[in-house]
Structure formats: C-alpha cells, structure tokens
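One structure is given here, and the rest of the page talks about it.
2 protein chains.
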Amino acid sequence: MTLLGEHGLQEYCLQTARQAHCAAEALVTLSAEAKNAWLRASAQALRAQADALLEANALDLEAAPGFGLSDAQADRLRLNPERIEGIARAMEEVALLPEPIGEVIESSVRPNGIELQKVRVPLGVVFFIYESRPNVTADAAALCVKSGNAVILRGGKEAAHSSRAIVDILRGVAEAHGIPVDAVQLVSVADREAVGHFLALSDWIDLAIPRGGEGLIRRVADEATMPVLKHFSGNCHLYVDAEADLQMAQAIVMNSKCQRMGVCNAAESLLVHAEVAPDFLPQIGEQLQQAGVEIRGDEQTCGLCPDAVAAREEDYAAEFLGPVISVRVVPSTEAAIKDINTYGSKHTDAIITNNAETAETFANQVDTAAVMINASTRFNDGGEFGLGAEIGISTDKFHARGPCGIKELTTYKYVARGNGQVRG
Amino acid sequence: MTLLGEHGLQEYCLQTARQAHCAAEALVTLSAEAKNAWLRASAQALRAQADALLEANALDLEAAPGFGLSDAQADRLRLNPERIEGIARAMEEVALLPEPIGEVIESSVRPNGIELQKVRVPLGVVFFIYESRPNVTADAAALCVKSGNAVILRGGKEAAHSSRAIVDILRGVAEAHGIPVDAVQLVSVADREAVGHFLALSDWIDLAIPRGGEGLIRRVADEATMPVLKHFSGNCHLYVDAEADLQMAQAIVMNSKCQRMGVCNAAESLLVHAEVAPDFLPQIGEQLQQAGVEIRGDEQTCGLCPDAVAAREEDYAAEFLGPVISVRVVPSTEAAIKDINTYGSKHTDAIITNNAETAETFANQVDTAAVMINASTRFNDGGEFGLGAEIGISTDKFHARGPCGIKELTTYKYVARGNGQVRG
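Protein chains in written order, with this note's numbering: chain A, -10 to 413; chain B, -10 to 413.
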C-alpha cells in the first residue's frame, strides 16, 4: 500500500470508480455460464495457489500485534489449508445459485397490447468497506460479480496482504472467462481519506456497504452521496411466553445467547412472561451463570435469580456482544412486543410459545427484519436462510432487510414491448 | 395555517411524527376489508361534501394570483364536480387493488425443518412533500393507507384550503372504519422550517418522498436522515433505428414529444440512425415544426432540417418540459446506447426498430427505469403500467425504480417457524 498526495488520491479514486463503472457496463450482459465459470476457476486457482496465500497471510499475522489485534482477532485473520478450502468452496456454492439477472419478476399484457415485464438487473458498482477476515474479500467479490455488479473492495489494513493475494488470484482468471478484470478491484492505497473520496462519487458508484463497527457505519451513512446498505447493531430479543414449552425455551435461550456471543444475531435481551417467570427464571439463571453470562435484571428477575444484578435503563438498549444479558419480566405478550419495538434494533427477535395465535400476533406486530418462532436467533443468517453467502444483514427497511445475498444486490427495470402504441 | 415559534414548531413536528408512528403501529394489523371500506367511504364522503370542497377550492383560486400562479397553474388547482368525481373514483380504484400486506413473497422449508417466509409489510410512516394539485392529496393518502402506512402530508400552500378540506373528509370517516385518524395528517403550519424538522426525525419517519421541482428534491435528499424516494428529471430519449418502421417512428416521436410537453415522461431527445436520417429527419422535422417544437440538432440534423438550430452540448442533457427537442444522428445502436447512458436521466427511453435482436440489445444495455420498444415514452406511468395510482416515478435504482404504487411503499420481514431448532 502506498500513500498518495491529496490530488493524486482523488484522481486514483475517480479512476478506480470509472474503471468499475466500465466493468459494470460489460457485466450487465455477461452470461450466467461465464460468471459461474469464473467463480469455479477462481476456486480452483485459490486451491492451486494456497502456498502464495499462506505466505501473504503470514505477513498479516506478523503485523497483527503492531495493529493492536488480540490473539482472538489475529486468529480470525489466520488462513490455513482448511480455511482456504472453505473460501474456495464458498465460491463454488455461489456458482450453484440460480442466475438472478434477467429474471422476469412480474409480467402483464396491458389493455393496449403492450407486453410489460419487470426484469431483474444489476445495481452497477458496489463500494464495500469491511474489516478483518480474508474470506469476506472472496465472498464479496463472488456475490457482486454473480449479481452482475462490479465491486470496489476496501478491506481492513490488518488483512491487506491476504486480501491482495486473494484479489490477484480472482483477477488473474478473469480475462480467460470473459470477465472484465476491473469487475473486482481492491483499493491499493492506505489513506483513510480514500473512503471519503469514494463516497462522493455517486455518478460512478451505485451503492455503499459498510460492514464493521457502528462508528464506520455512521460515518459512511453521513458522508455517502449514494445509497447505503446499513448493518447496525443486533440487539436481539427473546420472549418466553406464558404458553412456552420451558424446556424448548431453555435450549433456545442458551443457544441464542451462548453459541457464539460476539455476533450480531446473538441474543442480548430476555423477556419472560410473569406467569412462567417463577418456574423459568431460576433454572435459566443458573444455566446462564454456569455459562459465565452475567444477568442484568429488573426487580422481579433479581428476586428469582440470586446472581442477577440490577439492570440500568441503558442495559435494555445495549448490544453486549459478550457474556451479559438483560432480563425483564413482562405482564403480557403486548408488553413484550412494546418492549422489543422500543429497545430492540429491528434485527432478529424470537418468541417461544405453543400458542399459534400468540405467535402470529408477535410475528405481525414486532417491527424487525426476522421473527423467529420457536427457533434460535442465531438462524438469521444468509447461509441458514438459503441465500448462499451474505454481504451483510440489513437493519434498514428500505430496499433490503435482513440477510443480503445476490438478489439484494440487484434492482429492476421495466421493459415494455409494443407495436406502435401511442398515448391518446 | 399558523406560524409557530421555533420551539413550538419543533414540538409540533415531533408530535405529528409520533402520532403518525402510533397510527402506523395500528395500521400494521388492519384488515384489507377495513382499509378498503375506508377508501370507499372516503370516496362517498368526497362526493357528498362536494359543495364544501368547492368552497375551499374557491379560496385557493382567489389566492392564486397572489402566489404568482399562471392561469395554467391555477387551472391545475381548480376543482369542479367532474374532478371531484375523478378523485373519488381514484380512491375506489385503489380499494380494488389486491391487498399488498401479508403477501408471502417467498417461502421455503430449510433442511433443519424451519419454515421460512418472506412477508410483505408496511414501511411505517411516509412524509410526503408535494406541490399544487388537490387530487395528489387524496391519491397519496389512499396509496399510503392501502399499503399500511401512516402519511404526513406537506402540500403546497397554493392548495392549502383544498387539501385541508379533502383531508378533513378522509379523517372524518376514519374512526367509523377502524382506521386510526392520524393515519392521514396534513401539516397545518406554514413555516418553511417545518420540512427540515420532519427530515430530522428518522426515529419516527421511515421514508421521505419529495415530488416537485429539482430544488425541492435536492434539498430533501441533502437534509433527510431517513431514506428518500427521489424523482429527478425525465430526460427521455427516443432512438429511431436503421430498421425502424418510419411511419411508426413518426407517430411515436410526435406522441412522446407533443402529447403533453410539461410532464416527466415526455421525450426531450431524438437519436436517429445515420442510415435512415436522410429519409426520416426532413419529414419529422417538418411535423415538429408544425407542432411548434424547436429542433436543436447536430450538424447532420441541421443539414436535413432547414428549421433546426445548432445544439449546444448542454441541450443534450436538458429536460426542456416544453416545445424544444434535441436531435442527433448516430452511426450505430451502440452509439445510441452510449449517448443515452451519458446524457439521459434513467427515466424512460424508447427504441423504434423491427429488429428484435437490436431491441433486446437496447433493452439490456440502456440503464433506465423503463425501456419502451416500439411504444411512446408517455406510457411510463403507474396507471398505464397497471399499478393503480402512483405516488411518484423513481429515478433511483435503490428500493424502487419507475412508477411507485402501493407495493413500492412496502418492505418485507422474514418469519421463521420452528419447533425448537437451535444452531449447532
């Protein structure tokens, strides 16, 4: 990575965006076969050049302590033969997904004889800003190109060598399969200001996707002149209804909270109906405590769970991403719904109940990207939902909501076929 | 309309937005029957109270010269029994549209047995900022409520009395049909700053839709903290291919340009393939001249149309909205596509050709909301496309493109139904 002067930097960003725009124009008409062949060839090339990848990765791992990365963070950065195989296989899986471009979403024949189609088309150019793990580089490139978009990748500096090696491999097999080489570009300058320059280029870039901490997302949302697909926090709620199967509830609470604590679809808040609280809270309290999870509860919760500490108001709005859970006893499903709509983050919210009507009320009235009925919040995920890989989980309501795969990277156009119709 | 102090104004806007948010929560679960009954009752009430409407409208017409409105603009403002009948009938037509909310857009059973549905839901609260014609007030209210959204209407001051009368009638029949009365609110303060206050309330308002001049749209896009559905200019292009039926081309050019010149789907630019230019341009030039349309052309055009004047570069990017058209002779379909993608505004672009392959190339490669093949650009319209009324025509690619009706005012949520699944 180099550092450029201010003018050179702006020029570099503009040129990168223009190249992406040109590539996108070519991608619009590329066949599914060409894109899928490139995906499979990329997977093969990643396997074949595993040694070069591991070498590049070693440079990133060496530099990790200098970036202040913890051991756990450095481990997420690490490549090994199994992980490279995983990256390659993910690209092959994207190749197996149905072709999104050209899909006729709706069609009709108008009374005047015009045949009208609503056809799925690419968005154009995606600017993707992300952190750490090298596999995200390959996933993003695969999803964008499969959906007919060119992508400008701005990865974290921690994974710079690994990302560069992956992108070089993907670009290396592009031309042979008729894919414009600039369909995938990795920003090669380290300057922080580059992001701001790209965000100003709405004439050339159609969508910005920031994936990382809340600070990054807010900055991008504030500065961007193009639409932004936002992935804010996951303050996911679990509601254990009066008519819940308490054994099922226990399993779902433990899985939602503890199976992987640092991810956006892990549960952060537990609401328990007052009728079952005396039965349920002491046992789940003990289990959570055994798993090392701190309970921050309201008065009733603290009365039922000896290890709980008193929650403050802000605990109910917090995304802990760690071994803490806020707990509240609620008098009714309506109260639970109100609580979730007030404190939740519209990401994933679950109900455990055997009453189908209560479940439907909850599903209809909780304003969230994904409602889980009698299932773990951890299932809100592109892979689990059958979208293939995902480029993020949108907490917006506009354009796309929840896990975003290839379809969410597309838009549509109307095509009207007539034989001379004019308007009277 | 009143003027409030700065603090009072902010308070008023916040209260209006909160009321809308509450109404939206109630609308989520309203039945199609309730919404349609309200739409039909509103139509009947508009007819029954036609005299009151005409009285209110007379006040607006009286004030029109004071607002500097031309006779033509004042005429667009005018209500009469036929126009009131038109407004009422439009509400009844919205009642006949299929219910959008609750539609299962996609569904699947995951390998772990979870039943996954992608369900259409309302966006929430829509802030609609528009100008002049009173029927837009009723259309917007009808579309928003049918799609389960609450709407905050900020109409033009020119139509203040008419809009108020219409909204009072619509609100008057709300409660009787179980519709929250604040599902439809008209901003009752004249302060220009009110718009800025509303645009800051992303916690309560989910979407802003500005409909009016480019200045208004840019202001809203710049200030809004929520997503904006933008309707920028319509620099619509017509391309007459070498293999066009020239008689058909003539009819489509004249209709696209002249049937109604001041609207966004009127044509502003004509591209003619060099092979047919010597045959086509002299005759269409004469016809356009007879219709009072000025031709601004390139050198070849000026050579073939005696009345044409030389075009400047900016003429090709202009939306004239009046009796002017820019004309250029192009050497190929590829050149026409490039021209449209460079100078067009992604609104509506038409090709006239008998070559199906050329038509498909054009449809695939022109980046626009609506491609018309052998049909007038004037057909890009919600009514003509079968969407019922429209709240605008989006020139964005994100969320919605082209005419926006009730579906475009919705989003979706995922509902996952399990029986205790946890993630392994």
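Glycine is no exception: its CB is placed at the ideal position from the N, C-alpha and C atoms.
Would you mind sorting His(-4) (chain A) into buried or exposed? The rule is 16 or more other CB atoms within 10 Å of its CB. It is exposed - the Cβ of His(-4) (chain A) has fewer than 16 other Cβ atoms within 10 Å.
Apart from the five residues just before and just after Leu86 (chain A), which ones in its own chain have a Cβ nearer than 7 Å to its Cβ? Lys135, Gly377 and Ile395, listed in sequence order.
Determine the burial state of Asn138 (chain A): buried for a count of at least 16 other Cβ atoms within 10 Å of its Cβ, exposed for fewer. Label assigned to Asn138 (chain A): buried.
Out of B:Val265, B:Ser365, B:Leu(-2) and B:Arg72, point me to the one whose CA is closest to Asp128 (chain B)'s CA. Of the listed residues, the one whose Cα sits closest to Asp128 (chain B) is B:Arg72.
At least three beta-carbon pairs within less than 8 Å, the segment 25 to 45 of chain B to the segment 90 to 99 of chain B: Segments in contact, no.
Could you work out which residues of chain B lie near Leu277 (chain A), taking near to mean beta carbons separated by less than 9 Å? In chain order: nothing, as chain B lies at least about 15 Å away.
List the residues that DSSP assigns as beta-bridge partners of Tyr228 (chain A). DSSP, once it has assigned bridges, lists A:Leu260 and A:Ile340 as partnering Tyr228 (chain A).
Could you check whether the Cβ of Met(-10) (chain A) sits closer than 8 Å to any Cβ belonging to chain B? Because the pLDDT of Met(-10) (chain A) is 49, which lies under 50, any placement of that residue in the model is unreliable, and the number read from its coordinates should be weighed accordingly. It does not; no Cβ of chain B falls within 8 Å.
Contacts of Thr126 (chain A) in chain B (Cβ-Cβ under 7 Å): Using a Cβ-Cβ cut-off of 7 Å, Thr126 (chain A) is close to nothing in chain B; its nearest Cβ partner there is about 24 Å away.
Indicate whether Val115 (chain A) and Tyr401 (chain A) have their beta-carbon atoms separated by less than 8 Å. Here Val115 (chain A) is not near Tyr401 (chain A), since their CB atoms are 8 Å or more apart.
Among B:Gly409, B:Gly381, B:Val411 and B:Gly407, whose alpha-carbon lies nearest the alpha-carbon of Glu397 (chain B)? Closest by alpha carbon: B:Gly381.
Arg72 (chain A) CB to nearest chain B CB: under 8 Å? Residue-level contact by beta carbon fails for Arg72 (chain A) and chain B, as no gap is shorter than 8 Å.
Could you work out which residue in B:Pro295, B:Gly292 and B:Asp287 is closest to Glu303 (chain B) when comparing CA atoms only? Looking from the CA of Glu303 (chain B), the closest CA among B:Pro295, B:Gly292 and B:Asp287 belongs to B:Asp287.
Of the choices B:Asn244, B:Val265 and B:Ala210, whose alpha-carbon is the least far from that of Ala233 (chain B)? Considering only alpha carbons, the answer is B:Val265.
Can you have a look at Asn69 (chain B) and say buried or exposed, based on whether 16 or more other CB atoms are within 10 angstroms of its CB? Flag for Asn69 (chain B) reads exposed.
Hey, would you say Val411 (chain B) sits closer than 8 Å to Ser365 (chain A), going by beta carbons? Yes, the Cβ-Cβ distance between Val411 (chain B) and Ser365 (chain A) is below 8 Å.
Please check if any C-beta of chain A sits within less than 8 Å of the C-beta of Ile103 (chain B). Closer than 8 Å: yes.
Consult DSSP for Met(-10) (chain B) and reduce its assignment to one of helix, strand or coil. Caution is warranted here: a pLDDT of 48 is assigned to Met(-10) (chain B), below 50, making its placement in the model unreliable, and no coordinate value can be reported.
From the beta carbon of Asn244 (chain A), is the nearest beta carbon of chain B less than 8 Å away? Closer than 8 Å to some Cβ of chain B, the Cβ of Asn244 (chain A) qualifies, so yes.
Answer with yes or no whether the minimum CB distance from Met428 (chain A) to chain B is below 8 Å. Since the first residue shown for chain A is -10 and the last is 413, residue 428 (chain A) is missing from the structure and cannot be characterised.
Whose C-beta lies closer than 6 Å to the C-beta of Val125 (chain A) among residues of the same chain, with five residues either side of it excluded? Answer for Val125 (chain A): Tyr119, listed in chain order.
Would you say Lys219 (chain A) reaches chain B, if we count a Cβ-Cβ gap shorter than 8 Å as a contact? No, no contact with chain B.
Might you give, ordered along the chain, the residues of its own chain that have their beta carbon closer than 6 Å to the beta carbon of Ala6 (chain A), omitting 5 neighbours on each side? The answer, listed in chain order, is Leu190, Trp193 and Ile194.
Spatial neighbours of Leu112 (chain B) within its chain, please: CB distance less than 7 Å, with the 5 preceding and 5 following residues excluded, ordered by chain position. Excluding positions up to five away in sequence, the list reads Asn138, Asp195, Leu196, Leu398, Thr399 and Thr400.
Name the chain B residues whose beta carbon is nearer than 9 Å to that of Val17 (chain A)? The contacting residues are Asn353, Gln354 and Asp356.
DSSP state of Cys11 (chain B) mapped onto helix, strand, coil: Cys11 (chain B) carries a helical assignment under DSSP once its states are collapsed to helix, strand and coil.
Can you name the residues of chain A whose CB is closer than 9 Å to the CB of Val115 (chain B)? Within 9 Å Cβ-Cβ: nothing; Val115 (chain B) doesn't reach chain A, min ~12 Å.
Tell me the rounded alpha-carbon separation between Gly161 (chain A) and Ile326 (chain A). Approximately 52 Å between the Cα atoms of the pair.
Entirely enclosed beta strand (DSSP E) segments - the segment 260 to 309 of chain B, minimum 3 residues: Runs found: 283 to 286.
In whole angstroms, what is the alpha-carbon distance linking Val217 (chain A) and Cys247 (chain B)? The alpha-carbon atoms of Val217 (chain A) and Cys247 (chain B) are separated by roughly 39 Å.
Counting Cβ pairs closer than 8 Å, one from the segment 59 to 69 of chain B and one from the segment 7 to 18 of chain B, do we hit at least three? Fewer than three pairs of CB atoms, one per stretch, sit closer than 8 Å, so the segment 59 to 69 of chain B makes no contact with the segment 7 to 18 of chain B.
On a CA-only basis, which of B:Gln236, B:Met250, B:Ala300 and B:Arg317 is nearest Ala263 (chain B)? Give me that one, please. Ranking B:Gln236, B:Met250, B:Ala300 and B:Arg317 by Cα distance to Ala263 (chain B) puts B:Arg317 first.
Closest residue to Leu310 (chain A) among A:Gln106, A:Arg67 and A:Gly223 (Cα-Cα distance): For the residues A:Gln106, A:Arg67 and A:Gly223, the minimum Cα distance to Leu310 (chain A) belongs to A:Gly223.
Taking its Cβ as the centre, do 16 or more other Cβ atoms sit within 10 Å of Ile390 (chain B), making it buried, or is it exposed? According to the sequence shown, residue 390 (chain B) is Arg rather than Ile. Around the C-beta of Arg390 (chain B), 16 or more other C-beta atoms lie within 10 Å, and the residue is accordingly described as buried.
Tell me, please, whether the CB atom of Ala405 (chain A) is closer than 8 Å to any CB atom in chain B? Chain B, which has a Cβ nearer than 8 Å to the Cβ of Ala405 (chain A), makes this yes.
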